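This report refers to the structure that appears directly beneath it.
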């Protein structure tokens, strides 16, 4: 049962345009969400996060929007650059029975920015 | 700081063989974890540790063992490799176990089981 879903396996966008990556989740107890970026042959790197008490967080060209009622978040990249071409993973923080927080990841969306 | 390091980068095993994937971090992080990445499945948590001597199971722990004797090291053991364990394995660490900690990943180990 996939608790964090990224329904678009891939996305192509023209350089300079907006990229919108989507993520849906099923567990209403998730209260912190993150986006990670992954280049081939490298480990994922942290990009941006948002707490459930906010509906928007911005960092430079990257903005994450959270709609709690719809259990949906999205990552906007404006303007998109060829260097943004990577796989993007959405993750949600979940409280484990041990009392610690662990991350549940989505399946990833491969973004290709065309020059 | 080297961050999170993993060895080896690549490994090919035969079914039934055993091996240990090494992971080390030099950031004095309490929390360490192992993930596997498979096509269409994203990153799935195998095991995690909240400190030396403390480990717990993640989403897909079967076939894997872990131990945490020091803060720095968190090896992942495959006791009897199976083709279903062919995957890319990532080790990660973060400073603590609270909600708002960024997680740092190693470069990964690509494992093929024949």
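Residue numbers (this note's numbering), protein chains in the order written: chain A, 1075 to 1189; chain B, 17 to 130.
For glycine and all other residues, C-beta sits at the position ideal for the given N, C-alpha and C.
Treat the numbers as computed from the prediction; the structure is a model and nothing was measured.
Inset, instruction - Locate the beta strand (DSSP E) running through residue 1132(A), then write down its first and last residues. - result: Its beta strand (DSSP E) spans residues 1130–1133.
Legend entry - residue 1119(A) - partner residues in DSSP beta bridges: 1111(A)
Legend entry - Three or more C-beta pairs below 8 Å linking the stretch 1092–1106 of chain A and the stretch 1117–1132 of chain A: They touch, by the three-pair rule.
Inset, instruction - For residue 1157(A), name the three-state secondary structure that DSSP assigns. - result: helix
Inset, instruction - Spell out whether any CB of chain B is found under 8 Å from the CB atom of residue 1118(A). - result: yes
Legend entry - Proximity winner among 27(B), 129(B), 88(B), 57(B), relative to residue 49(B) (alpha-carbon distances): Checked all of 27(B), 129(B), 88(B), 57(B); the closest Cα to residue 49(B) is 88(B).
Inset, instruction - Specify whether the stretch 92–105 of chain B and the stretch 65–75 of chain B touch according to this definition: at least 3 beta carbon pairs, one from each stretch, less than 8 Å apart. - result: no
Legend entry - Check whether residue 110(B) and residue 76(B) have beta carbons under 8 Å apart: no
Inset, instruction - Starting from the C-beta of residue 81(B), find all residues in its chain whose C-beta is less than 7 Å away, skip the five residues before and the five after it, and write them out in chain order. - result: 93, 95
Legend entry - Contacts around residue 28(B), its chain only, beta-carbon distance under 6 Å, and the 5 residues preceding and following it disregarded: 128
Legend entry - Distance between residue 18(B) and residue 24(B) (C-alpha atoms, nearest Å): 16 Å
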